[in-house]
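Residue numbers for the sequence shown, in my numbering: 2 to 322. Read the structure below first, then the notes.
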Amino acid sequence: MKMKEIKASTMNVEKFIDEKVRNIRNAVGDGLAVNALSGGVDSCVVTALGHKALGDRLKTYMIDNGIMRENEPARVQAAFKKLGIHVEIIDASKAFFAALKGLTDPEEKREAITQTFYKDVFGKLVVKSKAKYLLQGTILTDVDETVAGIKRQHNVFEQLGIDPQKAFGYKILEPLIELRKDGVRKAGSGLGLPSAMFDRIPFPGPALAARVIGEVTPARIALVRKATTITEAALKDTKAFQYLAILHEDRVTGMRDGKRVFGNQIEIRSWESTDARKARPSRLSFDVLEKIAAKITKEIPEVVSVTYNITTKPTSTIEAI
Ligand code: XMP
């Protein structure tokens, strides 16, 4: 399936926003719509676009799935409050960890998150809210990679031939589907979002579960979350496209307090890219890398080894699962 592409370089931002606002209003009429805000670039932009079109007739939920970055739900809620947009946080972490229990296969993990999100948590909220429309921040790269079979993205039902109305009881609107990341950032800027919000590095729908190889448990998420905080703080002033920390399944022998311990390994990745389709590793200085490793092994006692990925995409992907 070929989707129309609007390139960031030739995009008329005002025209884009006007057209999408009109389309959303036409589709929803005087009904209600809902959307789920993850805090990522795409969902922040779609939330702002939806509220511009519908005001209070768009209800925005933030599902706390327990696998987000440190303090993320409260931080995102506060940022939108400043814009006059109310975001309701729903704590659903128990449901997500229950669904992920025992799973190690990447696609099964993604599927468990998708199903829990749509069927158990958000799907029920949509039904309760009586909204017939769901706004989603799907972008063209999600579609390309899903159709190509590279990865099962979480938000591309229609492209996969699944009718969300039949499967889940609602229609999905995807106003960003002709854009890639750079175009989404332009739209965010045009919508007046604070740059700290739309200029954030991309973050995947399956959240930190995309960075835990093997089983996703509360303890393993807590570990990768700490490593993520350290990595993001250390690299925030670089111009890299995206940077992240991954928790490996394999453990290795290390040393603590003069004793041999069998500890965890964290892999750091930092990417240079424009649209996430191809990427190459950032040429970070060794000083920076050594500081990250020292901080991670000091602040996370379970970790004894830190590595840096030096592979391009392809063959690597940006995330680990
Ligand atoms: P990969 O790992 O496929 O990632 O090279 C490409 C870009 O997409 C992000 N990503 C996702 N975004 N849902 C999303 O919304 C997902 O399931 C997902 N998986 C990866 C990733 O962070 C990178 O920017």
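Even for Gly, the Cβ is constructed at its ideal location relative to N, Cα and C.
With contacts defined as CB atoms closer than 7 Å, T139 and E179 fail to qualify as a contacting pair.
In its chain, beyond the 5 residues on either side, A28, K133, Y134, L135, P165, Q166 have a beta carbon closer than 8 Å to the beta carbon of K172. Taking a contact as a CB-CB distance under 8 Å, the pair A37 and F123 counts as one, their CB atoms being some 5 Å apart. Around the beta carbon of D145, 16 or more other beta carbons lie within 10 angstroms, which makes this residue buried. Contact between E216 and L104 holds: their C-beta atoms lie close to 7 Å from each other, under 8 Å. In this structure, L50 keeps its C-beta atom at 7 Å or more from the C-beta atom of A34. Its Cα nearest to that of R261, the residue S306 stands out among H52, K292, S306, P282. Comparing alpha carbon positions, the residue from V128, T142, D121 closest to K95 is D121.
By the CB criterion at 7 Å, I64 and A99 fall outside the cutoff. Under the 8 Å Cβ criterion, the stretch 220-233 does not count as touching the stretch 180-188, having fewer than three qualifying pairs. Excluding the 5 residues flanking it on each side, G40 has same chain C-beta neighbours closer than 6 Å at E73, V77, in chain order.
Residue state for I311 is assigned as coil, using DSSP reduced to three classes.
For the options D288, A295, K279, V304, the alpha carbon positioned closest to that of S317 is the one of K279. Counting the other CB atoms within 10 Å of its CB gives V127 a total of 16 or more, which places it among the buried residues. Contact annotation: the stretch 190-202 does not touch the stretch 296-314, with fewer than three C-beta pairs closer than 8 Å. Assignment of I214 by DSSP, reduced to helix, strand and coil, places it in the coil class. Relative to the ligand XMP, I319 has its C-beta within less than 6 Å of a heavy atom.
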